[in-house]
Amino acid sequence: MCTFSALASPSGIAYDPIGSRLFVSDVSNNRVIQYTLPNPAAGIVAAGPNIAANPLVGPIGIYFDAASNSLVIANSGANNIIQWFLTTNTFAVVAGSPAGVASPVFPNTQLNRLFNPFGVALDSNGNIIVADSGNHRIMLFSPGLPTDGTKNGRVIAGTEDGGRAANQLSTPFAVDIDAQ
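Counting from 120, one number per residue, gives the positions in the sequence shown under my numbering.
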C-alpha cells in the first residue's frame with residue numbers, strides 16, 4: 120500500500136466509474152497508482168515496478184479503457200505508448216519505440232516514432248490519440264497489430280516545426296475525445 124504522500128510528481132489521472140477506481144500516474148516513481156474509492160487513502164501499484172521488467176519511464180498521461188480493463192499510458196521517458204492490462208498485469212507497446220529508448224535524432228518525426236508523448240486518449244473505434252509533445256503534433260494510431268514499433272500513425276494536427284501558425288502546435292500536452 121502507499122499513500123498520497125508517497126507520490127512523486129503525480130501528473131495524469133483516469134477514472135473507472137464501474138469499479139470506482141482512480142488511477143494516478145506517478146511520474147518520478149515510474150508507476151501508476153490505483154485508489155479504490157471511497158477509501159482513497161490506501162492505494163496499490165496498478166502498473167510499474169511490480170513486475171520484473173518495468174517498461175514505465177516517466178508515465179504522464181493515462182486513459183482507462185473499460186472494454187479491455189486496461190490503462191493506456193503515455194510513457195514519456197521511453198517515447199512510447201504502453202497498454203497495461205490490469206487483469207493479467209501484463210503490457211504491450213502499442214505505439215512508438217518498442218525498446219523504450221530515446222529517439223536517436225531530435226525531433227524524430229517518423230510516423231512510427233514519438234518524442235515525449237504527454238497526453239493519450241482512445242476514441243470509440245479504439246484508435247489511440249497521442250499528444251506527441253516533442254514533435255509538436257497530435258498522432259492517431261489504429262488499434263491492433265503490429266506492436267513491434269513498425270506501426271505508422273497519422274498526423275491529425277500540428278507539424279514537426281511547432282509554432283503559432285494556424286496549422287502548428289507548440290508542445291501539446293493533452294488530448295481528449297468528446298462523445299460524438
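The beta-carbon is built from N, C-alpha and C at its ideal position, and this holds for glycine as well.
As the structure is a computational prediction, the values presented were derived from the model and not from experiment.
Which same chain residues, not among the five before or five after residue i, have their C-beta less than 6 Å away from its C-beta?
| i | result |
| --- | --- |
| asparagine 227 | Phe234 |
| leucine 230 | Asn271, Gly272 |
| tyrosine 154 | Leu141, Gly162 |
Name the two residues that bound the continuous beta strand (DSSP E) containing residue i.
| i | result |
| --- | --- |
| glycine 180 | 178-184 |
| aspartate 145 | 140-145 |
| serine 130 | 129-135 |
| arginine 256 | 256-260 |
| alanine 276 | 273-277 |
Does residue i come out as helix, strand or coil in the three-state DSSP assignment?
| i | result |
| --- | --- |
| alanine 218 | coil |
| alanine 197 | helix |
| alanine 240 | strand |
| alanine 125 | helix |
| leucine 288 | coil |
| asparagine 148 | helix |
| methionine 120 | Unreliable positioning characterises methionine 120 in this predicted model, as indicated by a pLDDT of 44, which lies under 50. The coordinate reading is nonetheless provided below. Of the three classes helix, strand and coil, the one that applies to methionine 120 here is coil, per DSSP. |
How long is the line joining the alpha carbons of residue i and residue j, rounded to whole angstroms?
| i | j | result |
| --- | --- | --- |
| phenylalanine 142 | tryptophan 203 | 12 Å |
| alanine 218 | proline 178 | 15 Å |
| asparagine 148 | asparagine 194 | 12 Å |
| isoleucine 247 | isoleucine 192 | 10 Å |
| serine 189 | leucine 205 | 5 Å |
| isoleucine 275 | alanine 250 | 10 Å |
| valine 239 | leucine 175 | 15 Å |
| arginine 140 | valine 151 | 12 Å |
| asparagine 208 | valine 164 | 11 Å |
| isoleucine 296 | alanine 172 | 32 Å |
| alanine 186 | alanine 284 | 38 Å |
| proline 129 | valine 146 | 6 Å |
| isoleucine 137 | alanine 298 | 18 Å |
| asparagine 286 | leucine 259 | 17 Å |
| asparagine 199 | serine 216 | 5 Å |
Going by the DSSP bridge assignment, what does residue i pair with across the sheet?
| i | result |
| --- | --- |
| glutamine 202 | Val191, Ala211 |
| valine 249 | Val239, Met258 |
| glutamine 153 | Phe142, Ile163 |
Can you list, in chain order, the residues of its chain whose CB lies under 7 Å from that of residue i, leaving out five sequence neighbours each side?
| i | result |
| --- | --- |
| glycine 131 | Ser144, Ile179, Gly180, Ile181 |
| aspartate 184 | Val191, Leu241 |
| serine 252 | Asn235, Pro236, Phe237, Thr290, Pro291, Phe292 |
| glycine 282 | Ser289 |
Taking 8 Å as the limit between beta carbons, can you name the residues of its chain near residue i, skipping five residues before and five after?
| i | result |
| --- | --- |
| glutamate 279 | Pro226, Thr228, Asn254, His255, Arg256 |
Using beta carbons (cut-off 8 Å, strictly below), is residue i in contact with chain B?
| i | result |
| --- | --- |
| phenylalanine 234 | Protein chain content of the structure displayed is limited to a single chain, and chain B is not contained in it. |
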